[in-house]
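A.B. asks: Numbering (the numbering used here), first residue to last: 136 to 565.
Below you'll find the structure I mean.
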Ligand SMILES: Cc1ncc(COP(=O)(O)O)c(C=O)c1O
């Protein structure tokens, strides 16, 4: 690595916070100078095969000509204008596409600047809906344990109370309700214990519950847990039975990752409010959206407080909307289902041998997501550089070594990632 990079990395270490790290004991960071296709190029010239899609986002790989062209084209007319009192073609086109590709009930779109903010907006929508119905006491949410919905205060408050950040901010976080999470070993049944617990919490607290919020089928950052279609269906039935709204957070699962365009499609259900983000722009720019049904939108609009109280500065940023339009067009025209199922089959086959390692508790695959769960938490200070030595970019956390590669990955590159996962797992000293 050229000398000036040593100085830059040192500056970084002293002054810049990276996600979930300590400035006093930072884990190593690797300077990256470019990314193309499924490869990240480090400053020292090494190339890494990307297993992370930059946290579920870069589904088409990096530096994609169609996405680059969309940004360049948009840049020529305007990079940003405020959305208060103005509108523009990229936002209108993107709303149209989102309405077209999601369930028919979802007809209204609020653009947010990140996934967490779209969750905040979803929570506000749900609460404001009930205020508009004269039920201002309905201000709590019901969710399941092991969830993750983002790092802002509203989103943190509905994320897992034990493996999240609740202990640090307990006195200030809104007090929501948490039911048992469904058993992730049970991919076919609906886990009757978990659903009974869910119904009990819902029934006992109905007067104060505005909505249920869930990540459909895959709980991501809260533990990479997969749960059954049957459980999700039951949750929808119970939301209908007790008349509460259902917010589905598809920020991680959306745009094909679990094998269907949206995970909720597998349960043949619809959300009242839907959050999307991450892969929305193909990983180019930060953009998310909260969609809702006419019942919710007009419920709020016909109420005593008809204005939805949110309006970020960079709402519907035209560059982000333009690249999202290009990314969705690329996705729907591509054989993404076949790609995702090919990745799934390969992950299943190639990760399975890990199961016999002493360090391994479970191996599971859903769509283009492959997970090795360990008995003990990973030592990131050792494991991260080891993956880099092996020529792949995999970012483990907690007890998990997991991957969700770009959909365009070729089998040989995916094998490189799975071999590195096997190798690293075999080197863990328990
Ligand atoms: C399911 C889910 N919801 C919300 C978020 C938060 O999104 P963002 O990091 O864009 O704020 C994430 C991020 O990992 C997520 O996985």
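By construction, the Cβ of each residue, glycine as well, lies at the ideal position given by its N, Cα and C atoms.
Measure the alpha-carbon distance for residue 187 versus residue 503 and round it to whole angstroms.
C.D. replies: 11 Å
A.B. asks: Assuming residue 489 and residue 500 form a contact by the criterion Cβ under 8 Å, report the distance between their Cβ atoms to the nearest whole angstrom.
C.D. replies: Between residue 500 and residue 489 the Cβ distance is about 11 Å, and since that is not below 8 Å, they are no contact.
A.B. asks: How is residue 558 classed by DSSP in three states: helix, strand or coil?
C.D. replies: helix
A.B. asks: Closest by CA to residue 403, which one among 370, 427 and 424?
C.D. replies: 370
A.B. asks: When the Cα of residue 429 is compared with those of 437, 163 and 198, which residue comes out closest?
C.D. replies: 437
A.B. asks: Do the CB positions of residue 556 and residue 543 come within less than 8 Å of each other?
C.D. replies: no
A.B. asks: For ligand 1, is there any heavy atom lying closer than 7 Å to the beta carbon of residue 259?
C.D. replies: For ligand 1, not one heavy atom lies less than 7 Å from the Cβ of residue 259.
A.B. asks: Candidates 281, 345 and 513: which alpha carbon is nearest residue 298's?
C.D. replies: Looking at the Cα atoms, 281 is the closest of the given residues.
A.B. asks: From residue 327 to residue 372, what does the alpha carbon distance come to, in whole angstroms?
C.D. replies: 14 Å
A.B. asks: In the DSSP assignment, the beta strand (DSSP E) including residue 410 goes from what residue to what residue?
C.D. replies: 408-411
A.B. asks: Terminal residues of the continuous beta strand (DSSP E) containing residue 182?
C.D. replies: 182-185
A.B. asks: When you compare each of 445, 419 and 454 to residue 260 by their alpha carbons, which one comes out closest?
C.D. replies: 445
A.B. asks: Taking 7 Å as the cut-off, does the CB of residue 533 come closer than this to any heavy atom belonging to ligand 3?
C.D. replies: The ligand content of the structure shown is limited to ligand 1, which means ligand 3 is not among them.
A.B. asks: Is residue 255 a contact residue of ligand 1, with contact defined as CB to any heavy atom under 7 Å?
C.D. replies: no
A.B. asks: How far does the beta strand (DSSP E) with residue 489 in it extend, from its first residue to its last?
C.D. replies: First-last for residue 489: undefined, no H or E at that position.
A.B. asks: Do you know how far the Cα of residue 482 is from the Cα of residue 475?
C.D. replies: 10 Å
A.B. asks: Secondary structure at residue 545, three-state DSSP: helix, strand or coil?
C.D. replies: In the structure shown, residue 545 sits in coil (DSSP, three-state: anything other than H, G, I, E or B).
A.B. asks: In chain order, what residues have a CB nearer than 7 Å to some heavy atom of ligand 1?
C.D. replies: 190, 191, 249, 250, 251, 252, 254, 283, 284, 285, 286, 290, 350, 355, 356, 384, 386, 387, 410, 412, 413, 421 and 423
A.B. asks: Would you give the residue range spanned by the alpha helix (DSSP H) that residue 262 belongs to?
C.D. replies: 250-267
A.B. asks: The beta strand (DSSP E) with residue 499 in it runs from where to where?
C.D. replies: 495-501
A.B. asks: By a C-beta neighbour count over all protein chains shown, 10 Å radius and 16 as the cutoff for buried, is residue 213 buried or exposed?
C.D. replies: Counting the other CB atoms within 10 Å of its CB gives residue 213 a total below 16, which places it among the exposed residues.
A.B. asks: Leaving out five residues on either side along the sequence, give the residues of the same chain with a beta carbon under 6 Å from the beta carbon of residue 257.
C.D. replies: 382, 408, 410 and 425
A.B. asks: For the region 344-404, which segments carrying the beta strand (DSSP E) assignment without a break, of at least 3 residues, lie completely within its bounds, in sequence order?
C.D. replies: 344-349 and 380-384
A.B. asks: Are the CB atoms of residue 161 and residue 520 within a distance shorter than 8 Å?
C.D. replies: no
A.B. asks: Please work out which residues of its chain come closer than 6 Å, Cβ to Cβ, to residue 93, disregarding the five sequence neighbours upstream and downstream, and give them in chain order.
C.D. replies: Residue 93 lies beyond the stretch modelled for the chain, which goes from 136 to 565, so this question has no answer here.
A.B. asks: Do residue 418 and residue 192 have their beta-carbon atoms positioned less than 8 Å apart in this structure?
C.D. replies: Their beta carbons are under 8 Å apart, which means residue 192 touches residue 418 by this criterion.
A.B. asks: Return the residue from the list 170, 166, 310 and 195 that minimises the CA-CA distance to residue 540.
C.D. replies: 195
A.B. asks: Give every residue of the same chain whose Cβ lies closer than 6 Å to the Cβ of residue 246, excluding the five residues on either side of it in the sequence, and list them in chain order.
C.D. replies: 424, 450 and 451
A.B. asks: Which residue from 144, 548, 550 and 526 puts its Cα closest to that of residue 176?
C.D. replies: 526
A.B. asks: Measure the Cβ-Cβ separation of residue 254 and residue 278 and say whether it is below 8 Å.
C.D. replies: No, the Cβ-Cβ distance between residue 254 and residue 278 is not below 8 Å.
A.B. asks: Determine, using beta carbons only, whether residue 222 and residue 460 come nearer to each other than 8 Å.
C.D. replies: no
A.B. asks: So, helix, strand or coil for residue 152, using DSSP?
C.D. replies: coil
A.B. asks: Would you identify the three-state DSSP class for residue 236, choosing helix, strand or coil?
C.D. replies: helix
A.B. asks: Compare the C-alpha of residue 367 against each of 457, 352 and 359 and name the closest.
C.D. replies: 352
A.B. asks: First and last residue of the beta strand (DSSP E) that includes residue 169?
C.D. replies: 167-171
A.B. asks: Out of curiosity, what's the CA-to-CA distance linking residue 170 and residue 197?
C.D. replies: 6 Å
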